[in-house]
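So the structure is just underneath, and the comments pick up after that.
Residue numbers (this note's numbering): 36 to 233.
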């Protein structure tokens, strides 16, 4: 009899919470929704190393922890581990919400956990995080292309449209994204400016 192939988990999840009851409720809800627990931490200090090691799709952070604040560590964790964070808290005051938004938290779960709310919150956090990353990358690419156009305009006396056409043609000829061509041009320009003159 052939075994059916193991299905990939809906999401891989990490929890940062010092209360065993809360972690147990989250573990059960993650498992029931088709997810997989890939790590747990009880202290803020362990959050980033755990995220880097476990590489989860999403992390659930409590707010009040023995060695600090889950919102403060969330801001650092998002930057260091490139992972969406869902806040798990019994508090909903405006100050907390504002701090969480500034830190980059993507969604909320309220304590005590209602298991039916877990999947939508995690799905939403992952989707929002992906959209935010895509927007950031698009914005960064536009800035690089604008700088490359400016370099071409200055070096060759081109109009903006002519500089854009040159970048686009080079991208098509090399079958590479325009942003890669723009980066290469900027690196080349930087190297030629830093060459010693005789």
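Quick reminder that beta carbons are idealized off the backbone N, C-alpha and C, glycines included.
Cβ neighbours of residue i in the same chain (closer than 8 Å, five flanking residues each side left out)
i: residue 110; result: 137, 138 and 139
i: residue 4; result: This structure leaves residue 4 out entirely; the chain is present only between 36 and 233.
i: residue 98; result: 104, 105, 106, 122, 123, 124, 126 and 131
i: residue 190; result: 224
Beta-bridge pairing of residue i - partner residues as DSSP gives them
i: residue 207; result: Its beta-bridge partners do not exist; DSSP assigns none.
i: residue 93; result: 48
i: residue 188; result: Note: residue 188 sits in no beta bridge, so no partner.
i: residue 124; result: 145
i: residue 104; result: 99
i: residue 196; result: Beta-bridge pairing links residue 196 to no other residue.
Exposure of residue i, with buried meaning 16 or more beta-carbon neighbours within 10 Å
i: residue 204; result: exposed
i: residue 57; result: buried
i: residue 192; result: exposed
i: residue 226; result: exposed
i: residue 67; result: exposed
i: residue 208; result: exposed
i: residue 198; result: buried
i: residue 69; result: exposed
i: residue 165; result: exposed
i: residue 128; result: exposed
i: residue 212; result: exposed
i: residue 102; result: exposed
Chain-order list of residues whose beta-carbon lies under 6 Å from that of residue i (same chain, five-residue window excluded)
i: residue 71; result: 44 and 47
i: residue 84; result: none
Same chain, Cβ closer than 7 Å to residue i, neighbours up to 5 away in sequence not counted
i: residue 186; result: 220, 221 and 224
i: residue 195; result: 184 and 188
i: residue 62; result: 72
Helix, strand or coil at residue i [DSSP, three-state]
i: residue 68; result: coil
i: residue 139; result: coil
i: residue 43; result: coil
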